[in-house]
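Counting from 1 along the sequence shown, just add 34 to a position and that's the residue number in the working numbering. For every residue, glycine included, the Cβ atom is placed at its ideal position computed from N, Cα and C. For reference, the structure discussed in these notes is given below.
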Amino acid sequence: MRISMNVLFNLPSRENALFRDEIDKTIKDVLDSGYYLLGAHVKAFEQEFADYCSVQHCVSVGNGTDALEIALRALGVRRGDEVITVANAGCYATTACNLIGAVPVYVDVSESDLLLDINKVNAAASPITRCVVATHLYGQAVDVPALRDALDQAGHSDVTILEDCAQAHGAMMHGRMVGGLGDVATFSFYPTKNLGALGDGGAIVSNNEQTAQTCMQLRQYGWQGKYESTLPLGRNSRLDELQAAILRVKLKALPTLNARRQQAAAYLQQHCHGIVEVVTHASPAYVGHLFVVRHPQRQLIRDELAYHGIATDIHYPVLDTDQPAMQMQPFRSMGLDRSIAATAEIFSLPCYAGITDDELEHIGKVFDLYIAKMV
């Protein structure tokens, strides 16, 4: 028997409705101000977001991919250099490497959380390794301090660490906020992120003044002053005033929004545990960006959930190494058995700040009454 209720995978408009009056007022204020790029709201957001991440500097940019590329360039990554990363994170770090001409070197993930396996990194390092991209996947956090210690102990103290925080705004590790754990960190403000704009947006944060200054130049034509380009490979990648103003409104509510995601994830975990394997376990390091599970009969379960109106997705269905475009790009792979196995089994359930209690209960009932009896 079909239990009838449609549960969308994500619906950013619900979250934004919570702030509609303030957003409307903010948009009017920006329109009336006459300043639409690199104005007061951008400057204020950069300071407020730096404070939130407990870092000294924030440089806003046009999107998360630009943030990755600019940050890698600011760390000194050049054509032919190697960048260690994972292959199961949606090809975003890979895209940034390709834009620079750097060579991605893929290492496997940990079995329990599908994050970068720190123990695999040193074996992948070479004399031309310049950086490790530690992707805080699904709202979980890589243990960056442990990664730094492992690199240093193996004689790789010159290898920098870039935190990709696009899915982990507000996640904690050892009592510290992600974004301030490595040499530099990048964020995306795509509308479905934990901190989402009403369009594209991104940011780079760091405690290193020179790194931040280089990023600031690269986001705007390499300018040192107006119309004076002193740094090559700059571009136009600026967060606009409207998005910055909206992000300022939502940043104040980010702890509350993350708490709702964590609450939703805890409910889902309670009803899924023992039926499917839960990848994203509740912890202070997890802010519920995605609720990811795995099962060998993935398609059977997804079909049953769809029958009952529950949308699901796969994050991500193709490893970077298997993307058609990568067959024309240089890369190295260090054995990805866990990544390969997980890609065939993982899928994500609806988990976002705007999901209702009724929708969560519907998902729980379908798991309890149907999925548990199928697998």
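Check	Outcome
Give the range of the beta strand (DSSP E) segment to which Phe83 is assigned.	Premise fails: Phe83 lies in the alpha helix (DSSP H), 74-87, not in any beta strand (DSSP E).
Please name the residue or residues paired with Pro138 in a DSSP beta bridge.	Val117
Quick check on the burial criterion: 16 or more other C-beta atoms within 10 angstroms. Buried or exposed for Val409?	exposed
Looking at the structure shown, is Gln331 part of a helix, part of a strand, or coil, going by DSSP?	coil
Out of curiosity, what's the CA-to-CA distance linking Tyr86 and Val283?	13 Å
Please report how far the alpha carbon of Lys59 lies from the alpha carbon of Thr220, in whole angstroms.	29 Å
In chain order, what residues of the same chain lie with their CB nearer than 6 Å to the CB of Met211, ignoring the 5 residues before and after it?	Cys87, Ser88
Contact check, Ala222 vs Asn44 under 8 Å by CB: the rounded distance?	Checking the displayed sequence, the identity of residue 222 turns out to be Ser instead of Ala. Their Cβ separation, rounded to whole angstroms, is 15 Å, which puts Ser222 and Asn44 out of contact at 8 Å.
Whose C-alpha, out of His190, Pro351, Tyr69, Met368, is nearest the C-alpha of Gly124?	Pro351
Below 8 Å, how does it come out for the region 185-203 and the region 98-114: are there three or more Cβ pairs, yes or no?	yes
Would you call the region 301-321 and the region 247-266 in contact, with 3 or more CB pairs under 8 Å?	no
Give me the Cα-Cα distance between Arg48 and Ala200, rounded to the nearest whole angstrom.	21 Å
Return helix, strand or coil for Phe223, following the three-state DSSP convention.	coil
Less than 7 Å between C-beta atoms, sequence neighbours within five positions excluded: which residues of the same chain meet that for Ala157?	Met368
Kindly indicate which three-state DSSP category Thr390 falls into: helix, strand or coil?	coil
Exposed or buried, Leu106, counting other C-beta atoms within 10 Å across all chains shown (16 or more means buried)?	buried
State the beta-bridge partners of Ala237 as determined by DSSP.	Ser94, Phe221
On the three-state DSSP scale, how would you describe His396?	helix
Tell me, which residues are paired with Glu197 by DSSP?	Ala168, Ala219
In or out: His208 buried (at least 16 other Cβ within 10 Å) or exposed?	exposed
Excluding the five sequence neighbours on either side, which residues of its own chain have a C-beta within less than 6 Å of the C-beta of Arg332, listed in chain order?	Glu379, Phe381
Can you tell me whether Gln187 is buried or exposed, with buried defined as 16 or more other CB within 10 angstroms of its CB?	exposed
Given that a residue counts as buried once 16 or more other Cβ atoms are within 10 Å of its Cβ, and exposed if not, what is Gln296?	buried
Starting from the Cα of Val95, find the closest Cα among Asp274, Leu65, Leu181 and give me that residue.	Asp274
How would you call Thr390, buried or exposed, if buried means at least 16 neighbouring beta carbons within 10 angstroms?	exposed
Are there 16 or more other CB atoms within 10 angstroms of the CB of Ile37, so buried, or fewer, so exposed?	exposed
Compute the Euclidean distance between the alpha carbons of Ala287 and Ala293, then round it to the nearest angstrom.	10 Å
Given Val400, which residues of its chain have a CB within under 8 Å of its CB, disregarding the five upstream and five downstream residues?	Ile37, Glu338, Leu339, His342, Ile344
Do Asp371 and Ala121 come within 7 Å of each other at the CB atom, strictly closer than that value?	no
Which ranges does the alpha helix (DSSP H) cover as unbroken runs of at least 4 residues, wholly within the region 320-367, from first to last along the chain?	332-341
Let me know the secondary structure DSSP gives Ser373 once reduced to three states.	helix
Kindly indicate the opening and closing residues of the alpha helix (DSSP H) around Glu181.	Reading the sequence as shown, one finds Leu at residue 181 and not Glu. From DSSP, the alpha helix (DSSP H) with Leu181 extends over 178-187.
By how many angstroms is the C-alpha of Cys249 removed from the C-alpha of His264?	The sequence given here places Thr at residue 264; His does not occur at that position. Those two C-alpha atoms are separated by around 13 Å.
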